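Read top to bottom, the protein sequences are chains A and B.
Each residue of the first sequence is one higher than the one before, counting from 1 in UniProt numbering.
Each residue of the second sequence is one higher than the one before, counting from 1 in UniProt numbering.
Just so it is clear, CB atoms sit at the ideal spot from N, CA and C, and this is done for glycine as well.
All values reported here derive from a predicted model rather than from experimental measurement.
Number of protein chains: 2
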Amino acid sequence: MSKINNVAIVGGTHGNEFSGVYLINKWQQHPQLIARPSLKVETVFANPKAHGENKRYIDADLNRQFSASNLADFSLANYEQSRAKALHQQLGPKSKPNMDLVIDLHNTTSNMGPTLILLEQTPFYKQLAAYVTMQMPEAVVFLDEPEEDMSNHRFLASCGKYGVLIEVGPQPQSVLRQDVLEQMEQMTGHILDFVELYNQQDLPELPKQVEAFLYLDSIKLPLNDKGERLAMVHSNVQDNDYQPINTGDPIFRTFMGEDICYQGEKTVYPAFINEAAYYDNDLAMSLLDKVYLELE
Amino acid sequence: MSKINNVAIVGGTHGNEFSGVYLINKWQQHPQLIARPSLKVETVFANPKAHGENKRYIDADLNRQFSASNLADFSLANYEQSRAKALHQQLGPKSKPNMDLVIDLHNTTSNMGPTLILLEQTPFYKQLAAYVTMQMPEAVVFLDEPEEDMSNHRFLASCGKYGVLIEVGPQPQSVLRQDVLEQMEQMTGHILDFVELYNQQDLPELPKQVEAFLYLDSIKLPLNDKGERLAMVHSNVQDNDYQPINTGDPIFRTFMGEDICYQGEKTVYPAFINEAAYYDNDLAMSLLDKVYLELE
Chain A
1 MSKINNVAIV GGTHGNEFSG VYLINKWQQH PQLIARPSLK VETVFANPKA
51 HGENKRYIDA DLNRQFSASN LADFSLANYE QSRAKALHQQ LGPKSKPNMD
101 LVIDLHNTTS NMGPTLILLE QTPFYKQLAA YVTMQMPEAV VFLDEPEEDM
151 SNHRFLASCG KYGVLIEVGP QPQSVLRQDV LEQMEQMTGH ILDFVELYNQ
201 QDLPELPKQV EAFLYLDSIK LPLNDKGERL AMVHSNVQDN DYQPINTGDP
251 IFRTFMGEDI CYQGEKTVYP AFINEAAYYD NDLAMSLLDK VYLELE
Chain B
1 MSKINNVAIV GGTHGNEFSG VYLINKWQQH PQLIARPSLK VETVFANPKA
51 HGENKRYIDA DLNRQFSASN LADFSLANYE QSRAKALHQQ LGPKSKPNMD
101 LVIDLHNTTS NMGPTLILLE QTPFYKQLAA YVTMQMPEAV VFLDEPEEDM
151 SNHRFLASCG KYGVLIEVGP QPQSVLRQDV LEQMEQMTGH ILDFVELYNQ
201 QDLPELPKQV EAFLYLDSIK LPLNDKGERL AMVHSNVQDN DYQPINTGDP
251 IFRTFMGEDI CYQGEKTVYP AFINEAAYYD NDLAMSLLDK VYLELE
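The structure is reproduced here in structure tokens:
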């Protein structure tokens, strides 16, 4: 087992997700709040320009720019494509990362509560998920779509040897809610505590199994042939992130008042329901499978 | 009593408040839904350019551009200042309005439910408020800050002989919620029904008194001498629009965990709590007085 020595906590990857921006600022002024004896912890403000303009991004979504091919292509030169290359120098490179762990802080307008998103399912991640949910039972574990390997992953957190996202909602863009900020702060603290105990080989007894939700697919709002929306997310689904959707359940309501029902054969669990940032591409929600992480 | 002949329903005055934009679109395709026998009802898409860019506004808040002095000053030439002059031609002029009633549709990220905002407190408005709250008991009546006269009012709705806003939340910017859209559609329908009955002199018996909330003031978040925020809206206040705040109640929480309490001597009622659009100017909430409208 190799120790985790260097940790980066990243805020403002999306400029209008305020909790991370304000927490980073607080921790820069009070670094003792994130200090742990065996770690060097630093804070990074990922997209200050987008935050200054109160937008998710200036030219392109920063959290989709970290695949090996994007990072190697210097003709990709807009603000976020350039910022990604700089952040990859600072946090990575992926081949030999400066950072053993990257914690990337995000908000969603969806009712997802405090969610821990894991990029992989190796023993380190499973133990982390077990510890965090033991300390914070309201936390949800979300397993990102498996990538062939981390070098092709598009997320900022993939720059580190290990990478996680903390995703907390519901919070409208450009708003700071006390409850959401506190949940993000608590989950960050539990992750840092875990890493300290992991380094000291002093972890408490962890559960053998952890419930998690595995990303399957995203579904779009119904559109007409001009690309105009015909329906909204159904009120039965709205705010019910992680609650089961079964075959035949209504998931959309047309503007004329008709229900459109889920046709899949398997029970699925939605997240990012009606997320504001996904409106450009007409995404309605992500669909997840409920799975269990087995610890050794 | 003079009849109401021409009514304009306006959506998209703020480009990222989606309910009005989608309702206008629906009613343009199905005008029978807003038709009433004694009325000519038209729909107006106030700020299509801002909606196209998924923003509240391009250059300036359109709903602050309708004072007589702004409308007369042709050196004020940015997009919204120009658009305001065009809308004033279409809906006004205030001296002799084309529209007897302007209904302007808005969303808020605050938990204000379906709110009817009245620009004045004349008998027509009081009867309207009484009818709408009788049909829709969850509706809240909000009395705008009294202006010296309507010619100086900055809101779009002041272009009409009468003007109201329908303000429904909570809904994040750029999101369409079924519940919020339905409340906006219902309230619009009740207003049109009222006008039809008013024209026919066939109003039902109305309550003699209607509870309402009168705008007093707006308060800002606590800032340091660099203009940086020191605190957030307190979780005791968050989402509790229209619930009383008494002397000594905590209203802010500093980032270091201390409570800041309300110092006013009089009980007040907040609205627009933590509204995303007011974050540029650090407004935390509006404070209102609870009053009663007396019908003759």
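In its chain, beyond the 5 residues on either side, Ala84, Lys85 and His88 have a beta carbon closer than 7 Å to the beta carbon of leucine 71(B). Around the beta carbon of glutamine 65(B), 16 or more other beta carbons lie within 10 angstroms, which makes this residue buried. Using a CB distance cut-off of 7 Å, asparagine 274(A) counts as an interface residue toward chain B. Aspartate 100(B) sits close to asparagine 6(B), with the two beta carbons spaced by under 7 Å. DSSP places threonine 188(B) within a helical segment (H, G or I) once states are collapsed to three. The criterion of a C-beta distance shorter than 7 Å is satisfied by asparagine 107(A) and glutamine 171(A). Only residues of its own chain outside the window of five on either side were considered, and among them Phe194, Tyr198, Leu203, Leu206 and Leu295 have a CB closer than 8 Å to the CB of glutamine 127(A), listed in chain order. Residue contact check for phenylalanine 252(B) against chain A: no CB pair falls below 7 Å. Per DSSP, the unbroken beta strand (DSSP E) holding leucine 143(A) starts and ends at 140-143. Under the three-state reduction of DSSP, phenylalanine 45(A) is assigned to strand. Residues are counted here when their Cβ sits less than 9 Å from a Cβ of chain B; for the stretch 166-180 of chain A these are Pro170, Gln171, Pro172, Gln173, Ser174, Val175, Leu176, Arg177, Gln178 and Asp179, given in chain order.
In the displayed model, tyrosine 57(B) falls within coil according to three-state DSSP, outside both helix and strand. Lysine 208(A) sits in coil when the DSSP states are folded into three classes, being neither helix nor strand. Non-local beta-carbon contacts of isoleucine 117(B) in its own chain, meaning distances under 7 Å to residues more than five positions away in sequence, involve Phe142, Asp144, Val164, Leu165 and Glu167 in chain order.
Your pair serine 110(A) and glutamate 275(A) checks out as a contact, with CB atoms roughly 5 Å apart and the cut at 8 Å. Approximately 19 Å separates the beta-carbon atoms of alanine 35(A) and leucine 91(A); this is outside 8 Å, ruling out the contact. In the structure shown, threonine 247(A) adopts coil according to DSSP, grouped into three states. One Cα belongs to aspartate 179(B), the other to leucine 192(B), and the distance between them is close to 20 Å. Look at tyrosine 131(B) here: in three-state DSSP terms it is helix.
Here lysine 40(B) carries a strand assignment [DSSP, helix/strand/coil].
Only residues of its own chain outside the window of five on either side were considered, and among them Arg56 have a CB closer than 6 Å to the CB of histidine 14(B), listed in chain order. In the DSSP assignment, valine 21(B) falls within the unbroken alpha helix (DSSP H) covering 18-29. Residue state for proline 172(A) is assigned as coil, using DSSP reduced to three classes. Around the CB of tyrosine 242(A), 16 or more other CB atoms lie within 10 Å, so the residue is classed as buried. When the beta-carbon positions are compared, lysine 94(A) and serine 2(A) stay at least 7 Å from each other. The beta carbon of glycine 160(A) is closer than 8 Å to those of Ala8, Leu91, Gly92, Pro97, Met99, Asp100, Leu101 and Val102 in its chain, skipping five residues each way along the sequence.
For tyrosine 57(A), no Cβ of chain B is located within less than 7 Å of the residue's own Cβ. Exclusion of the five residues before and after leucine 181(A) leaves Ser19 as the residues of its chain whose Cβ lies within less than 6 Å of its Cβ. Bounds of the alpha helix (DSSP H) holding leucine 91(B) are 79-91. For serine 69(B), the enclosing alpha helix (DSSP H) stretches over residues 68-72. Two segments are said to touch when three or more pairs of C-beta atoms, one from each, lie closer than 8 Å; by this definition the stretch 216-228 of chain B touches the stretch 277-289 of chain B. The beta-bridge partner set that DSSP reports for leucine 293(B) consists of Val210(B). Judged by DSSP secondary structure, leucine 105(A) falls within the beta strand (DSSP E) whose first and last residues are 101-107. Only those residues of the stretch 126-141 of chain B whose C-beta falls short of 8 Å from the nearest C-beta of chain A would be listed, and there are none. Residue contact check for methionine 232(A) against chain B: a CB pair falls below 7 Å. If you ignore the 5 residues before and after leucine 33(B), its C-beta comes within less than 6 Å of the C-beta of Trp27, all in its own chain and listed in chain order.
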